[in-house]
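Mapped onto the numbering used here, the consecutive letters of the sequence shown carry residue numbers 1 to 272. Every residue gets a Cβ at the ideal spot worked out from N, C-alpha and C, and that includes glycine. None of these values were measured; they are calculated from a predicted model.
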Amino acid sequence: MNRPVAVLLARGVFLGAVAVNALVLPVAAAQNAPPLSASDPAAGSRDIPAAAAPAGPQAAPAQPVRLANFGLEVPSPESRKLADWIVDSANNGNLPFMIIDKVQARVFMFDAQGQLRGADAALLGLAIGDHSVPGIGERKLSSILPAERTTPAGRFVASLDRDIHGHEVLWVDYDTALSLHRVVKGQPKERRAERLASSSPLDNRISFGCINVPVKFYETVVSPSFTGTNGIVYILPETRSAREVFGSYDVQDASRNQASAGVAPVAGSSVR
Numbered sequence: 001m002n003r004p005v006a007v008l009l010a011r012g013v014f015l016g017a018v019a020v021n022a023l024v025l026p027v028a029a030a031q032n033a034p035p036l037s038a039s040d041p042a043a044g045s046r047d048i049p050a051a052a053a054p055a056g057p058q059a060a061p062a063q064p065v066r067l068a069n070f071g072l073e074v075p076s077p078e079s080r081k082l083a084d085w086i087v088d089s090a091n092n093g094n095l096p097f098m099i100i101d102k103v104q105a106r107v108f109m110f111d112a113q114g115q116l117r118g119a120d121a122a123l124l125g126l127a128i129g130d131h132s133v134p135g136i137g138e139r140k141l142s143s144i145l146p147a148e149r150t151t152p153a154g155r156f157v158a159s160l161d162r163d164i165h166g167h168e169v170l171w172v173d174y175d176t177a178l179s180l181h182r183v184v185k186g187q188p189k190e191r192r193a194e195r196l197a198s199s200s201p202l203d204n205r206i207s208f209g210c211i212n213v214p215v216k217f218y219e220t221v222v223s224p225s226f227t228g229t230n231g232i233v234y235i236l237p238e239t240r241s242a243r244e245v246f247g248s249y250d251v252q253d254a255s256r257n258q259a260s261a262g263v264a265p266v267a268g269s270s271v272r
């Protein structure tokens with residue numbers, strides 16, 4: 001009698017458990033089911049992920065330009081543009097460099113990074129012109145006509161050395177005997193020292209082509225700058241443009257053009 005009763009009770013418990021599972025499993029299945037895909041028509045709008053906005057072209061930031069530092073000096077626009085181009089393009093090859101402005105009769109000495117080391121007046125060739133007469137470096141001074149006494153324009157690799165008298169000079173172009181040196185006395189009527197001290201550049205054209213600078217400027221600025229190293233001397237033209245002579249560009253204009261276009265220059269390229 002006791003055993004059948006126990007069997008019946010066990011069967012009842014088993015059937016009850018089955019019934020409960022039949023009710024619970026569909027609910028759990030619904031809770032654990034993956035979310036409806038966006039393609040499913042039953043999916044609501046909140047179930048559709050927002051589409052990423054297409055990425056438009058991103059303008060590269062304009063690269064900052066590098067400029068020469070003239071300090072308190074007020075150069076001519078031509079000198080400033082050339083100095084800025086030299087620094088921005090690294091045309092000086094990490095060497096000290098000098099700019100000679102013939103129109104203003106002015107010399108600017110910079111270190112390799114474009115920081116001004118000094119500036120002063122200069123005496124230049126008597127004649128207006130940007131070329132040297134062929135073979136002039138081999139001729140006697142007495143044979144050089146006034147119209148041939150030019151200070152040529154261009155880019156020169158310069159270095160210190162001695163002239164035929166044993167005096168230190170900065171050789172700008174040895175083949176044409178073009179040098180920069182301390183002012184020489186010359187003939188009394190030339191008044192070279194007075195011309196250097198004059199505030200006007202109009203009376204600074206007197207030499208055979210070489211560049212004369214004040215003694216103090218040569219000894220405290222030029223000579224120390226070129227001691228133990230070559231340097232670059234840029235002589236600005238007076239009958240042509242700097243762009244024709246050097247292939248230079250206006251750094252400030254190039255910077256503004258890049259900024260307005262929102263395009264960075266290609267590395268190693270230059271604006272012409």
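Asked: In three-state terms, what does DSSP make of residue 208?; Found: coil
Asked: Whose C-beta lies closer than 6 Å to the C-beta of residue 28 among residues of the same chain, with five residues either side of it excluded?; Found: Caution is warranted here: a pLDDT of 44 is assigned to residue 28, below 50, making its placement in the model unreliable, and no coordinate value can be reported.
Asked: Within 10 Å of its beta-carbon, does residue 102 have 16 or more other beta-carbons around it, so buried, or fewer, so exposed?; Found: buried
Asked: State the DSSP-derived secondary structure class of residue 168, mapped to helix, strand or coil.; Found: strand
Asked: State the Cα-Cα distance for the pair residue 138 and residue 174, rounded to the nearest angstrom.; Found: 10 Å
Asked: Per the contact definition of three or more C-beta pairs closer than 8 Å, is the region 143-154 in contact with the region 208-220?; Found: yes
Asked: Should residue 161 go down as buried or exposed, given a rule of 16 or more other Cβ atoms within 10 Å for buried?; Found: exposed
Asked: Mind checking residue 21: buried by the 16 CB within 10 Å criterion, or exposed?; Found: Confidence at residue 21 is low in this model, with a pLDDT of 45, below 50, so its placement is unreliable and no value can be given for it.
Asked: The alpha helix (DSSP H) that contains residue 240, what's its start and end?; Found: From DSSP, residue 240 is part of no alpha helix (DSSP H); its letter is neither H nor E.
Asked: Determine the closest residue to residue 168 out of 204, 227, 97, with distance taken between C-alpha atoms.; Found: 227
Asked: Pairing CB atoms from the region 188-198 with CB atoms from the region 229-236, are three or more of them under 8 Å?; Found: no
Asked: Can you tell me where the alpha helix (DSSP H) holding residue 86 begins and where it ends?; Found: 77-89
Asked: Can you round the beta-carbon distance between residue 214 and residue 183 to whole angstroms, since I take them to be within the 8 Å contact cut?; Found: 6 Å
Asked: State yes or no: is the C-beta of residue 236 within less than 8 Å of the C-beta of residue 86?; Found: no
Asked: Check each candidate in 110, 135, 72 and name the one with the smallest Cα separation from residue 82.; Found: 110
Asked: Report all residues from its chain with a CB closer than 8 Å to the CB of residue 93; omit the five preceding and five following residues, and keep chain order.; Found: 232
Asked: Quick one: grab the DSSP three-state call for residue 273.; Found: With the chain covering only 1 through 272, there is no way to say anything about residue 273.
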